[in-house]
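Visitor: Shown below is the structure under consideration.
In the working numbering, the protein residues as written are 12 to 134.
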């Protein structure tokens, strides 16, 4: 390896090491739960039915409230209004009735104990 290549390799390594702590400390400070408040829409899929879903999340510190409306896509179930409360910390949601999930930017994925899945996008 030439002297110039060695110097460039050293400079590249030094730059990479200087950037690493900045990137990791910024990533730790960002919690997607901070942006959960607002209106969301998507679908809910259960064992026998699929619903169009809308939800409004209200956040106070790490506590959240989910006002949830379901409208069946066919005659497989009833139109429902449900209110859940729970927590959201470090992109992890835990709601009443054994509903757990994650938030990734503008998407939320939830699942309950019987396998019903909820996919929502921020509106």
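Positions of the beta carbon are idealized from the N, C-alpha and C atoms, including for glycine.
Enumerate in chain order the residues of its own chain whose CB-to-CB distance from residue 76 is below 6 Å, with the five nearest sequence positions on each side excluded.
Guide: Excluding residues within five positions, the ones whose Cβ falls inside 6 Å are 69 and 96.
Visitor: Work out the CA separation of residue 103 and residue 44 for me, nearest whole Å.
Guide: Distance between the alpha carbons of residue 44 and residue 103: 8 Å.
Visitor: Name the residue from 126, 88 and 42 whose alpha carbon lies nearest to the alpha carbon of residue 110.
Guide: The shortest Cα separation from residue 110 among 126, 88 and 42 belongs to 126.
Visitor: For residue 114 and residue 123, I'd like the C-alpha separation in whole angstroms.
Guide: Using only the alpha carbons, I get a separation of about 15 Å.
Visitor: Along the beta strand (DSSP E) that carries residue 90, what are the first and last residues, could you check?
Guide: No beta strand (DSSP E) contains residue 90, which DSSP labels as neither H nor E.
Visitor: Output the distance between the C-alpha atoms of residue 131 and residue 55, rounded to the nearest integer angstrom.
Guide: One C-alpha to the other measures close to 8 Å.
Visitor: Alpha carbons only, please: which of 61, 116 and 98 is nearest the one belonging to residue 73?
Guide: Nearest C-alpha to residue 73: 98.
Visitor: Buried or exposed for residue 66, going by 16 or more other Cβ atoms inside 10 Å?
Guide: Per the 10 Å Cβ criterion, buried.
Visitor: Cα separation between residue 57 and residue 128?
Guide: About 6 Å.
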